[in-house]
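**Student:** Have a look at this one before I ask anything.
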Amino acid sequence: MTFGQRETMSCGSIRGYYLRSRCQPRLYNLRLLIASAIFLSMTGISAQADSAGKTLGFVVSDIYFANYEGPVEQVCPDGVAVTQREYALQSLPEADRDHLKSIGREATSTLHNAATKMFKAECLKPDEVADPGLRTVGGSIAFGLNLDGSTSANAARPNTCPHQKFESPTGEPGVDNQLFRVIGCIVGFRKTGHFEANGDAEDNYRTGYRSGEHTVLIEVTGVKNARNDNDVQVGIYSSSDPAPFDATGRPLPGASLQVHDNPHFHNLAHGKIVDGVLTTDPIDLHLQFILGVSHSEYYLRGARLRMTLRPDGTASGLLAGYYDVDTFYDGHVRRMGIAVPEEYGLRCAGVYNALNRFADGYPDPKTGRCTAISSAFRIDAIHAFVIHPKDEKKTTAQADPLVQR
Amino acid sequence: MLRSRWTHTLLVAATGLALASCGASDAPRTKGGPIVTNRLTEGQYRQSIADIFGADIRVLGSFEPEVRASGLLAIGSAAGTITPSGFEQYEGRARAIAEQVVDEKHRQATVACQPSSPDKADPVCATQFIGKFGRLLFRHPLAPSELQNWVGAAGDAATASHSFYTGLKFALAGMLTSPKFLFRQETVEPVSGSQTRRLDAFSIATRLSFFLWNTTPDDELLTAAANGELHSKRGLARQVDRMLASSRMEAGVRAFFSDFLEFDAFDTFVKDPIIYPKFTQRVADDAKEQTLRTITDLLIERHGDYRDLFTTRHTFMTRTLGMVYDVPVTSAKGWEPFEFSHDDPREGLLSQVSFVALHAHPGRSSPTLRGKAVRELLLCQHVPAPPANVNFTVVQDTSNPQYKTARARVTAHRTDAICAGCHKIMDPIGLALENFDGLGQLRTQENGVDIDASGELDGVAFKDAAGLGTALHDNPAVSTCLVDSVYRYAAGRAANRDETEWVRWLNERFVANGYRLPELLRAVATSEALFSIAPDVGPKP
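Order-wise, the sequence lines are chains A and B. Number 295 in the working numbering belongs to position 295 of the first sequence; there are no gaps in the numbering. If you count the second sequence from 1, you need to add 405 to reach the working numbering.
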């Protein structure tokens, strides 16, 4: 048999090749039996592979607070948060204030320096300063998920503290996103506002993510049907490999990215896919968070993912859960130093106290005060290969025993 | 790897010896060809410097452009010369190399003797140094007068600079700019009882070394030349087998296939970053390396059938390439073996990025360029250039709603009678590769239309790229093209009419040996034909 006949060889000629010119019915039957056995076993193997399901891999291309950017007069009826510069300005003698107002934008660096000097210690130890207050979100609309299962405000739900709920922009009731309530009126966290730091926080987070400081991988295994499947496993991992982007900032699909060496950043959950939307059961989630000089983590308790999976390999949705308050303040405020919070226009002690005031999950058994705050992050993801090294340290699936499903 | 190399070398040698008794003796005689004077290519220059002085000697500056003639740079190097600005580069490079060779870090290894004084000339020590390196650089021992001249130059420079080592540096720099180093000059000698002449032993050593290793002859080969071994069949075979067993053979094979597959095109390889955002220089470098690794792995490590290069599923991947191929790659750095599954349409060199992307446009695929490459590179068939007044508009417009696929566009283009004749021999091949876009990424549709990848090669129809690979595997022209190209590459010139029967015989042996490359290399390297010089060429005896 020559290879050239591969494309056009008929069954008769295969038989002819093996059996030469003689007819050997017994041998032929035996061969048929063997071939059938092989076929059946292969079918069994194939079926096993089908029952194991396939794997969908993603790398997150963007992750940021799911802040609702409505008109400022609706979202922040009391106005946007008073910035450190404004506090610094008020602390100056009137003549100096008038002078700074007269020189316009040139006053910025003067006020910046004054503010950082005034509030540096406060950012490091916010609990040692009187609460200056914080203008927070007063609107009723927010992105997020219903984490405690209730649609009523101030409902007594296990392991939560009474709080106001939001409605999602698409009309879903019972959204829990108290973190948005805290940061939603801080100008640096808004795309629009009167302050020159508009959108600074989002730019900062995006730049940091794209430089590969902390990458998030999502792997869905055991997928028998990418549109509807009640039983899939979802791994959410940190990675030390940077997510790939082209020169214009577009994420590039098809990269091979390895899960983090530290199993602390491996998170496994059970999930399901309904009409192409993946949701996971709540778990305690730890993901690396590195931004500039801040090395911390996303520590979301009762975290769950809700993501729309598209046929082109992209996905988008929300990662929501109760962000541990101390971890949040430490990673997103304190460790940023003084310059970044100042640029964002936030007052550290005001944020610290507001976080604790609006915390709505995981009460401390001794004090009864909630230690975690409901939050939501929007996620965009593209197709990637999640690589597990041979010597990967395993973590066990983390079901959160405290949260009612 | 070493064990497998030794095993297959023994196999090659054994095969060669066995065939020698029944095959080689009936090889058609040839009258020989002309001598050639080839300028060292950039790769040969760099490797020669590394092999003579050490891999850590830096070679700086740009090189003269290389010329491709009769399909090979190895032949075009005989047509290339050195321009005045090119010589300036050689001269600057030579001084920089010489400076490193005799500097304090290197001189312990490179200058075997101690001068009587470091501040003045020492002819005895200089003679040792220049004699040793002159032999390696010029690829033959220096004649006494030649040696004396260079030693004298070193002495003059040492005296003027009050430094023995500076003297050596200037002499060495001079030798590095000598035509005897920059060009492979061949010397002819008579053969008693024959009108045909032959290359002298050192010229044989030079042809062998640049053929099999792409570098200058080593000490052992030059010694064999001096001892007359290379003029005996046994002695020549012994050296050839040694060279085939060496790890340097891989460099020689890579150099041949880089030339054969026209990989110098990677020097100017670009893709539109908007259309192909995954393209980077790293992708280009890795694509070239992937194919060369596939080739050396199959043909050397696994001693495989050359034709299997067009059907093999086995290759190598990096993470950079993995993104283009959209396959997972475990190793964070470097290369790892990779096998495409049996339900993957990718198999063989034609589906690799180095082929489909190199023979395409910056922003789109090209069945015509790919078909032309198959004809010219792999089948050694000439495709005429297009006429000067061809209208390419319909082919170039990928947004034309009437012609959504490349097949539709080239079909429309071919309706022009001026174009049809040549496109008929190219497009049916290249259209089989349309499932690979201009960067080599797999696709099933173009502009929302399913791609039809059926085609035909010399009367053999197929339905996809794998079918094309099989058709190529079975096409006799694939082996004759390789054999002819290997011989031309070794000889540094096109085969002449007198050598037709010899090349045909070579191809028959190649087929009989199961299309094994090492056997082919051995057959060429141990042949009389490679070293025979026609009677009416060169200086008369």
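Even for Gly, the Cβ is constructed at its ideal location relative to N, Cα and C. As the structure is a computational prediction, the values presented were derived from the model and not from experiment.
Please name the residue in PRO595(B), GLY826(B) and GLN600(B) whose C-alpha comes closest to that of ALA606(B).
**Tutor:** Position 201 of the second sequence, counting from 1, holds the residue named residue 606(B). The shortest C-alpha separation from ALA606(B) is found at PRO595(B).
**Student:** Determine the chain B residues that contact ALA255(A) at a beta-carbon separation under 8 angstroms, and present them in chain order.
**Tutor:** Here the question's residue 255(A) lines up with position 255 in the first sequence. Per Cβ cutoff of 8 angstroms: ARG724, GLY727 and MET728.
**Student:** To which residues does DSSP link SER294(A) through a beta bridge?
**Tutor:** As a position in the first sequence, residue 294(A) is number 294, starting the count at 1. SER294(A) is bridged to LEU291(A).
**Student:** With a threshold of 7 angstroms between beta-carbons, can ILE166(A) be considered close to chain B, or not?
**Tutor:** Indexing the first sequence from 1 puts residue 166(A) at position 166. Per the sequence shown, residue 166(A) should be read as Phe rather than Ile. Chain B, which has no Cβ nearer than 7 angstroms to the Cβ of PHE166(A), makes this no.
**Student:** Indicate whether at least one CB of chain B lies closer than 7 angstroms to the CB of PHE385(A).
**Tutor:** Locating residue 385(A) in the first sequence gives position 385, where the first residue counts as 1. So yes, PHE385(A) belongs to the interface.
**Student:** Quick check on LEU217(A) - is its C-beta less than 7 angstroms from some C-beta in chain B?
**Tutor:** Looking up residue 217(A) in the first sequence gives position 217. It does not: the Cβ of LEU217(A) has no partner Cβ on chain B nearer than 7 angstroms.
**Student:** Taking the alpha helix (DSSP H) that ARG500(B) falls in, what are its first and last residues?
**Tutor:** In the second sequence, counting from the first residue as 1, residue 500(B) sits at position 95. It spans 489-506 - the alpha helix (DSSP H) in which ARG500(B) sits, taken as one unbroken run.
**Student:** Counting only beta-carbon separations shorter than 7 angstroms, does PRO682(B) have a partner in chain A?
**Tutor:** The sequence position of residue 682(B) within the second sequence is 277, counting from 1. So, interface residue.
**Student:** Which residues in chain B have a C-beta closer than 8 angstroms to the C-beta of ALA315(A)? List them in chain order.
**Tutor:** For this step, residue 315(A) is matched to residue 315 along the first sequence. Simply none; closest approach about 17 angstroms.
**Student:** Measuring only the C-alpha atoms, how far is ARG712(B) from GLY739(B)?
**Tutor:** Taking the first residue of the second sequence as position 1, residue 712(B) is located at position 307. Taking the first residue of the second sequence as position 1, residue 739(B) is located at position 334. Taking the straight line from one Cα to the other gives about 27 angstroms.
**Student:** List the DSSP bridge partners of HIS260(A).
**Tutor:** Counted from its first residue, the first sequence places residue 260(A) at position 260. Answer is none; HIS260(A) lacks a bridge partner.
**Student:** Just by C-beta distance, which residues in the stretch 504-525 of chain B are closer than 7 angstroms to chain C?
**Tutor:** Among the protein chains in the structure shown, which are A and B, there is no chain C.
**Student:** Using a Cβ-Cβ cut-off of 8 angstroms (strictly less than) and excluding sequence neighbours within five positions of TYR730(B), which residues of its own chain qualify?
**Tutor:** Translated into the one-based positions of the second sequence, residue 730(B) becomes position 325. Only MET722, ARG751, VAL758, GLY845, GLN846 and LEU847 meet the Cβ criterion.
**Student:** Give the DSSP-derived three-state secondary structure of PRO549(B) in the structure shown.
**Tutor:** Here the question's residue 549(B) lines up with position 144 in the second sequence. Three-state result, PRO549(B): helix.
**Student:** Quick check on the burial criterion: 16 or more other C-beta atoms within 10 angstroms. Buried or exposed for GLU625(B)?
**Tutor:** For the purposes of this step, residue 625(B) is taken as the residue at position 220 of the second sequence. Classification for GLU625(B): exposed.
**Student:** For PHE841(B), which residues from the same chain have a beta carbon less than 6 angstroms from its beta carbon, with the 5 sequence-adjacent residues on both sides left out?
**Tutor:** Locating residue 841(B) in the second sequence gives position 436, counting from the first residue. So the list reads VAL761, once near-sequence residues are dropped.
**Student:** Tell me the DSSP secondary structure of VAL182(A) in three-state form.
**Tutor:** Residue numbering aside, residue 182(A) sits at position 182 when the first sequence is read from its first letter. DSSP places VAL182(A) in helix when its eight states are reduced to three.
**Student:** From GLY57(A) to ALA255(A), what does the alpha carbon distance come to, in whole angstroms?
**Tutor:** Position 57 of the first sequence, counted from the first residue, corresponds to residue 57(A). Position 255 of the first sequence, counted from the first residue, corresponds to residue 255(A). So the alpha carbons of these two residues sit roughly 10 angstroms apart.
**Student:** Name the chain B residues that come within less than 7 angstroms of LEU56(A), Cβ to Cβ?
**Tutor:** Reading the first sequence from its first residue, position 56 is the one you call residue 56(A). Neighbours of LEU56(A) on chain B: none; closest Cβ ~13 angstroms, over 7 angstroms.
**Student:** Excluding the five sequence neighbours on either side, which residues of its own chain have a C-beta within less than 8 angstroms of the C-beta of GLY104(A), listed in chain order?
**Tutor:** For the purposes of this step, residue 104(A) is identified with residue 104 of the first sequence, where counting begins at 1. Correct list: empty, nothing qualifies.
**Student:** Taking DSSP as the reference, what is the three-state secondary structure of HIS266(A)?
**Tutor:** Residue 266(A) sits at position 266 when you count from the first residue of the first sequence. Three-state result, HIS266(A): strand.
**Student:** Taking HIS383(A) as the reference, which of PHE119(A), PRO132(A), PRO311(A) and GLY361(A) has the closest Cα?
**Tutor:** Counted from its first residue, the first sequence places residue 383(A) at position 383. Nearest option by C-alpha distance: PRO311(A).
**Student:** Tell me whether ASN230(A) sits in a helix, a strand or coil according to DSSP, three-state version.
**Tutor:** If you number the first sequence from 1, residue 230(A) lands on position 230. Correct three-state label for ASN230(A): strand.
**Student:** What residue range does the alpha helix (DSSP H) around TYR205(A) cover?
**Tutor:** Taking the first sequence and counting its residues from 1, the one referred to as residue 205(A) is at position 205. Here the alpha helix (DSSP H) through TYR205(A) covers 200-210.
**Student:** Using a C-beta to C-beta distance shorter than 9 angstroms, which residues of chain B count as neighbours of ARG252(A)?
**Tutor:** If you number the first sequence from 1, residue 252(A) lands on position 252. Strictly speaking, residue 252(A) in this sequence is Leu, with Arg absent from that position. Chain B residues near LEU252(A): PRO682, LYS683 and MET728.
**Student:** Can you find a C-beta in chain B that's less than 7 angstroms from the C-beta of ASP246(A)?
**Tutor:** Counting from one through the first sequence, the residue named residue 246(A) turns up at place 246. At least one chain B Cβ lies under 7 angstroms of ASP246(A).
**Student:** What separation, rounded to the nearest whole angstrom, lies between the Cα atoms of PHE867(B) and GLY860(B)?
**Tutor:** As a working mapping, residue 867(B) is identified with position 462 in the second sequence. As a working mapping, residue 860(B) is identified with position 455 in the second sequence. Looking at the two C-alpha atoms, the distance is approximately 5 angstroms.
**Student:** How is ASP96(A) classed by DSSP in three states: helix, strand or coil?
**Tutor:** If you number the first sequence from 1, residue 96(A) lands on position 96. Here ASP96(A) sits in helix by DSSP.
**Student:** What are the start and end residues of each continuous beta strand (DSSP E) run of 3 or more residues lying completely inside the stretch 310-354 of chain A, in chain order?
**Tutor:** List check, beta strand (DSSP E) in window: 315-324.
**Student:** Of all Cβ atoms in chain A, is any one closer than 7 angstroms to the Cβ of ASP731(B)?
**Tutor:** Position 326 of the second sequence, counting from 1, holds the residue named residue 731(B). At least one chain A Cβ lies under 7 angstroms of ASP731(B).
**Student:** Considering only C-alpha positions, which residue in the set SER91(A), PRO71(A) and GLN233(A) is nearest to ALA52(A)?
**Tutor:** As a first step, residue 52(A) must be located in the first sequence, where it is residue number 52. Considering only alpha carbons, the answer is GLN233(A).
**Student:** I need the straight-line Cα distance from GLY874(B) to LEU703(B), nearest angstrom please.
**Tutor:** If you number the second sequence from 1, residue 874(B) lands on position 469. If you number the second sequence from 1, residue 703(B) lands on position 298. Cα-Cα distance, rounded: 16 angstroms.
**Student:** Report all residues from its chain with a CB closer than 6 angstroms to the CB of TRP910(B); omit the five preceding and five following residues, and keep chain order.
**Tutor:** As a working note, residue 910(B) is residue 505 in the second sequence. Taken in chain order, the residues that qualify are ALA432 and PRO433.
**Student:** Looking at chain B, which residues of the stretch 256-270 of chain A have a Cβ within less than 9 angstroms of any of its Cβ atoms?
**Tutor:** Hits within the stretch, in order: SER256, LEU257 and GLN258.
**Student:** Reducing DSSP to helix, strand and coil, say where GLN850(B) ends up.
**Tutor:** The sequence position of residue 850(B) within the second sequence is 445, counting from 1. Reduced to three states, the DSSP call for GLN850(B) is strand.
**Student:** Tell me, please, whether the CB atom of VAL734(B) is closer than 7 angstroms to any CB atom in chain A?
**Tutor:** In the second sequence, the residue the question calls residue 734(B) occupies position 329. It does: the Cβ of VAL734(B) has a partner Cβ on chain A nearer than 7 angstroms.
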